[in-house]
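Residue numbers (my numbering): 179 to 398.
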Amino acid sequence: MSGIKAEPFDFPFRREQAALIVIDMQRDFTEAGGFGETLGNDVRRVQTIVPDVRRLLEACRQAGLPIIHTMECHRPDLSDLPEAKRNRGTPRLRIGDQGPMGRILIAGEPGTDILPELQPIAGEVVIEKPGKGAFYATDLGSILKEKGITQLIFAGVTTEVCVQTTMREANDRGFECLLVEEATASYFPEFKQATLEMIRAQGGIVGWTAHLDDLMEGFT
Ligand code: C5J
Numbered sequence: 179m180s181g182i183k184a185e186p187f188d189f190p191f192r193r194e195q196a197a198l199i200v201i202d203m204q205r206d207f208t209e210a211g212g213f214g215e216t217l218g219n220d221v222r223r224v225q226t227i228v229p230d231v232r233r234l235l236e237a238c239r240q241a242g243l244p245i246i247h248t249m250e251c252h253r254p255d256l257s258d259l260p261e262a263k264r265n266r267g268t269p270r271l272r273i274g275d276q277g278p279m280g281r282i283l284i285a286g287e288p289g290t291d292i293l294p295e296l297q298p299i300a301g302e303v304v305i306e307k308p309g310k311g312a313f314y315a316t317d318l319g320s321i322l323k324e325k326g327i328t329q330l331i332f333a334g335v336t337t338e339v340c341v342q343t344t345m346r347e348a349n350d351r352g353f354e355c356l357l358v359e360e361a362t363a364s365y366f367p368e369f370k371q372a373t374l375e376m377i378r379a380q381g382g383i384v385g386w387t388a389h390l391d392d393l394m395e396g397f398t
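Written out as structure tokens, the structure is:
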């Protein structure tokens, strides 16, 4: 075991039991014409993390950690899309509607894909999830169990929605969770900041936060 500089205290890193989970780095959340923008968000705010997510991904590959990518998406027949989710709010385009990058948040459509810079490579796990959390209605729990994973390093978008939901789900399932500050983003910078603070408050009630450079130093 080696300690990685983190907040609220050093993260007890165990390389053999750790995995990276990259949440929803999809075109639909980061590019014009996708789901994020149809909700009225400025997607440039989340594009800025792509180089740091890539650095993290490469460092974890180098360190031999299992990598898991998630994608928020639904079946083409919408059978896994609750009415309440489809009808929420007043977006320009709803989930399943035809947009400039194909049908919004539908599996297999160009806009639903992971960004080209962050594409999974052979052997990496891709989880398609219909919810905000990555454990709901997926095989993630059994995949992690089978690999003997007890620690999860988190990156992705958006910090306060799918990242935080999954981190809370993982924390309740007994995983030690660490969120990398430079590798996560929100359309609302103040929500990112609040999420970082609430995760590490009260002795790390949901987990740890760390800077990318400190994490990478811990790999050496
Ligand atoms: C959202 C996500 N924000 N990946 N999804 O709807 O955070």
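By construction, the Cβ of each residue, glycine as well, lies at the ideal position given by its N, Cα and C atoms.
Can you name the residues that DSSP bridges to P254?
Against the sequence shown, residue 254 aligns to sequence position 76. Beta-bridge partners of P254 (DSSP): none assigned.
Can you tell me where the beta strand (DSSP E) holding L390 begins and where it ends?
Position 212 of the sequence shown holds residue 390. Bounds of any beta strand (DSSP E) do not take in L390; it lies within the alpha helix (DSSP H) bounded by 390-397.
F187 and S180 - do their beta-carbons sit closer together than 8 Å?
In the sequence shown, residue 180 corresponds to position 2, counting from 1. In the sequence shown, residue 187 corresponds to position 9, counting from 1. Taking 8 Å as the Cβ cut-off, S180 and F187 do not qualify as a contacting pair.
Residue range of the unbroken alpha helix (DSSP H) whose run includes I305:
For the purposes of this step, residue 305 is taken as the residue at position 127 of the sequence shown. Here I305 belongs to no alpha helix (DSSP H); instead the beta strand (DSSP E) covers 303-307.
Within 7 Å: the Cβ of T216 and any heavy atom of the ligand C5J?
Stepping through the sequence shown from its first residue, residue 216 is reached at position 38. Incorrect: T216 has no Cβ contact closer than 7 Å to the ligand C5J.
Any heavy atom of the ligand C5J closer than 7 Å to the beta-carbon of E250?
Within the sequence shown, residue 250 is the residue found at index 72, counting from 1. Yes, since a heavy atom of the ligand C5J falls inside the 7 Å radius drawn around the Cβ of E250.
Rounding to the nearest angstrom, what Cα-Cα distance links H247 and M394 in this structure?
For this step, residue 247 is matched to residue 69 along the sequence shown. For this step, residue 394 is matched to residue 216 along the sequence shown. One Cα belongs to H247, the other to M394, and the distance between them is close to 19 Å.
Rounded straight-line distance, which links the Cα of E360 to that of E261
Taking the sequence shown and counting its residues from 1, the one referred to as residue 261 is at position 83. Taking the sequence shown and counting its residues from 1, the one referred to as residue 360 is at position 182. Rounded to whole angstroms, E261 to E360 spans 35 Å at the Cα level.
Please state whether DSSP places Q380 in a helix, a strand or coil.
In the sequence shown, residue 380 corresponds to position 202, counting from 1. It is helical.
For T226, count neighbouring C-beta atoms within 10 Å of its own C-beta (all shown protein chains included) and say buried if the count is 16 or more, exposed if not.
For this step, residue 226 is matched to residue 48 along the sequence shown. With fewer than 16 other CB atoms across the displayed protein chains lying within 10 angstroms of its CB, T226 is exposed.
By the three-class DSSP mapping on this structure, what secondary structure does V228 have?
Within the sequence shown, residue 228 is the residue found at index 50, counting from 1. V228: helix per DSSP, three-state reduction.
Under the three-state reduction of DSSP, which class applies to L243: helix, strand or coil?
Numbered from its first residue, the sequence shown carries residue 243 at position 65. Here L243 sits in coil by DSSP.
Roughly how many whole angstroms lie between the Cα atoms of N265 and D291?
As a working note, residue 265 is residue 87 in the sequence shown. As a working note, residue 291 is residue 113 in the sequence shown. Cα-Cα distance, rounded: 23 Å.
Under the rule that 16 or more other beta-carbon atoms within 10 Å means buried, what is Y365, buried or exposed?
For this step, residue 365 is matched to residue 187 along the sequence shown. With 16 or more other Cβ atoms within 10 Å, it is buried.
Per DSSP, what are the beta-bridge partners of T387 in this structure?
Numbered from 1 along the sequence shown, position 209 holds the residue referred to as residue 387. Looking at the DSSP assignment, T387 forms a beta bridge with E185, L357.
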